[in-house]
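Residue numbers (mature numbering (1 follows the signal peptide of the UniProt record, and there is no 0)): -25 to -1, 1 to 632. For every residue, glycine included, the Cβ atom is placed at its ideal position computed from N, Cα and C. Note that the structure is a prediction, hence the values are computed from the model and not measured. Here the structure is laid out as structure tokens; the discussion comes afterwards.
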């Protein structure tokens, strides 16, 4: 192919790519209604603590809405918007009275609405009630137009609703769930109604809530709100032309440079190969710039490194688990999802890197993106272990891996986003202490996850890093075990893995320091420490806090209280007496049983689950004094001096993974 033929083809391709529309959508999530400038509020309502709260005591009404116009349909393109909104709320009665929380005629209620953009006075944030072009879903007796359902929720329960509209089928689906009582990943109520948004709504609308407490008895809160729409707002014409012409010019210049360099250096062996690579890279950069100029500018400013990780296509084949499992993501897709890994999106910091909240515009899904440091000696090993192991596991109490990425000198893992964060943030952070029913459920869920790993999957998986910061809570406060970077596969018959000391101080079984072996029993020890933390509200090891009167190691203190027949005094004082005494005692005894210094005395996870259910397993009579650790015989020389360096991290109290 001649130089001019190649140039002609590349130029044609550039104009074709420039015609690809910008992929965009509207998405926002609100946790703190008081600090969000885009949320406008009118009426007697309290937002100082974060939630949208209509205080009881006297009849009140208020409106809160997103201040920017949302397109519902487009006359120019003949497109209709598909949208989805999710919000969590609660209703409380004075004195904690019983009965239904939202189906009484005196409690008022609230509605999610879509109303004409010009029906609001944006100076006063008040709605013009004379407009009839609006769509609303009311939450008093779960009524959607003429459709109603008499389902009821208990007082002060945390409730959730998801309202979604499919533009193709013209169907409005309302789903409702009690987050405290419902099973995970299920909605307890589903209502469906046909709606054509073109008939009931103008092109541009506002979305928001209208809240009223009726006679004034109820206190209503909306604690979280997410809205997503796939129809892009209209751009200013001059701005659109600028962002269309400038990328095309830049793309053509990049392609000409690449083609010219190739032509000049044609036939120079290895140099020719390098130039071809440069041409392809230039094309990729040009397309990226044409489609996402703002992001590319940000990426170039931050000097994102395009370093080689020596990862081959065979690794992608090895990671792939089929069409329904985790998939490979591009770096660009994840950078877009996390606003180029903005510090504002950071959920927490782990031993090998940070975790960021992201939003996948194409699927409309919130995700957590773990960015593993490629500079760490353990980084690549953790990355490979995580993908190879967790991508093949399927259990309701394990964090779901959605995909991976190894590009631009980075290792990235994409997980489902779990809104209630890590267990340690609830036990030791500033969040409201968990009630006992949730704590006991979390312990049972963690035990089920370990039973699956140890006995129910095709191979035995030894996790090696069980701690509260690796236990994540979903919207229903169900426990999900994550972070499989240190996990190892072993045969069921063997049940242990020779390795260096790996894990977190305070959760490592004592024999691990002696033998260098991880096993199901060492996982059981870690579970026991977490169980004691759940019951007592104290960390496994308290570092450098001289004001604390209890011993530094939690297991020693609890065992001492057990020996003095004062075990119940070790319960978390923040709960007062609001717990079931028999369950509290059982959880602490199970914790001590699992944390027994002699690994041969520890229970299996099946026995743990039976004990927590008050079924077959009988907890043995534990000695009044904590026994001295008993270690098995020393390993052969080939195993007693492992080549893998020790990997020990201190527990970190973060609000996310």
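Judged by beta-carbon spacing, residue 1 lies beyond the 9 angstroms limit of residue 335, meaning their Cβ atoms are not closer than that value. If you draw a straight line from the Cα of residue 58 to the Cα of residue 172, it comes to about 11 angstroms. Note: residue 447 is bridge-paired with 397, 455 in the DSSP secondary-structure output. DSSP places residue 336 outside both helix and strand once states are collapsed to three, so it counts as coil.
Here DSSP, grouped into helix, strand and coil, assigns residue 485 to helix. Beta-carbon to beta-carbon, residue 378 and residue 348 are separated by about 19 angstroms, too far to satisfy the 8 angstroms threshold.
Here the alpha carbons of residue 111 and residue 419 stand approximately 40 angstroms from one another. Looking from the CA of residue 382, the closest CA among 41, 512, 304 belongs to 304. Looking at the DSSP output, residue 537 shares a beta bridge with no other residue. Between residue 44 and residue 18, the gap from beta carbon to beta carbon reaches 9 angstroms or more. Residue 415 sits close to residue 562, with the two beta carbons spaced by under 9 angstroms.
The three-state secondary structure of residue 146, taken from DSSP, is strand. Under the DSSP assignment, residue 560 falls in the alpha helix (DSSP H) whose first and last residues are 556 to 569. DSSP places residue 17 inside the beta strand (DSSP E), whose first and last residues are 14 to 18. Residue range 495 to 511 is occupied by the alpha helix (DSSP H) that includes residue 497. Residue environment for residue 436: buried (at least 16 other C-beta atoms within 10 angstroms of its C-beta). According to the DSSP assignment, residue 382 belongs to the beta strand (DSSP E) that extends over 376 to 382. Residue 484 sits buried, since 16 or more C-beta atoms from the chains shown fall within 10 Å of its C-beta. Cβ-Cβ distances below 6 angstroms link residue 412 to nothing in the same chain once the five nearest sequence neighbours on each side are left out. Fully enclosed beta strand (DSSP E) runs of no fewer than 3 residues are not present anywhere in the segment 346 to 371.
Counting every other CB atom within 10 Å of its CB across the protein chains shown gives residue 310 a total of 16 or more, marking it as buried.
In the displayed model, residue 434 falls within coil according to three-state DSSP, outside both helix and strand. Less than 9 angstroms separates the beta-carbon of residue 330 from that of residue 346. The residue among 46, 55, 583, 456 with its C-alpha nearest the C-alpha of residue 91 is 46. Per DSSP, the unbroken beta strand (DSSP E) holding residue 84 starts and ends at 84 to 91.
Remark: C-beta atoms of residue 199 and residue 408 do not approach each other more closely than 9 angstroms. The beta carbons of residue 456 and residue 395 sit about 15 angstroms from each other, so the pair does not count as a contact at 8 angstroms. Boundaries of the beta strand (DSSP E) harbouring residue 321: 321 to 324, taken from the DSSP string. Here residue 28 has 21, 196 as same chain residues with Cβ atoms under 6 angstroms from its own Cβ, once five neighbours each way along the sequence are excluded.
The criterion of a C-beta distance shorter than 9 angstroms is satisfied by residue 402 and residue 509. Per DSSP, the beta-bridge partners of residue 331 are 321, 344. Residue pairing by DSSP places residue 390 opposite 343, 376 in a beta bridge.
In the assembly as shown, residue 595 is an exposed residue. Its beta-carbon has fewer than 16 other beta-carbons within 10 Å. Taking the C-beta atoms as reference points, residue 601 is found no nearer than 9 angstroms to residue 512.
Across the structure, residue 535 and residue 599 are spaced so that their CA atoms are roughly 8 angstroms apart.
Per DSSP, the beta bridge partners of residue 183 are 40, 88.
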